[in-house]
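Here's the structure, in structure tokens; my notes come after.
Numbering (this note's numbering), first residue to last: 6 to 101.
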């Protein structure tokens with residue numbers, strides 16, 4: 006999804022340098038790529054209330070999956086992994 010880091014001369018055009026980007030690159034295993042793409046595409050589909058996010062809007066999963074090329078028959082096998090990612094995201098948001 007993401008390429009290598011930009012060269013120093015490109016970063017300097019924006020007033021940045023390599024030190025502005027901390028952390029290591031993260032690899033996503035090929036088996037996890039479809040569910041990662043789906044979770045990422047659902048980034049604007051969170052249900053929220055007064056206490057913050059409560060979970061993803063499951064009614065949008067089929068449409069969003071279709072928009073990014075995931076077939077309907079794949080959704081049942083991706084759904085449990087999507088729920089794991091959702092639960093972890095909720096835990097991280099609760100910490101903030």
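Glycine included, every Cβ here is placed at the ideal spot set by N, Cα and C.
Here the structure is a predicted model, which means the values were calculated and not measured.
- The region 15–31 makes no contact with the region 53–72, as fewer than three CB pairs between them are under 8 Å.
- Straight-line measurement puts the Cα of residue 31 at about 22 Å from the Cα of residue 100.
- The beta carbon of residue 69 sits closer than 6 Å to the beta carbons of 46 and 47 from its chain, once the five residues preceding and following it are set aside; these are given in chain order.
- Within its own chain, the residues whose Cβ lies closer than 6 Å to the Cβ of residue 40, once the five positions on either side in sequence are excluded, are 83, 86 and 87, listed in chain order.
- Excluding sequence positions up to five before and after residue 92, its CB lies less than 8 Å from no other CB in the same chain.
- Taking the CA atoms as reference points, residue 90 sits about 14 Å from residue 36.
- In summary, residue 19 is exposed, with fewer than 16 beta-carbon neighbours lying within 10 Å of its beta-carbon over all protein chains present.
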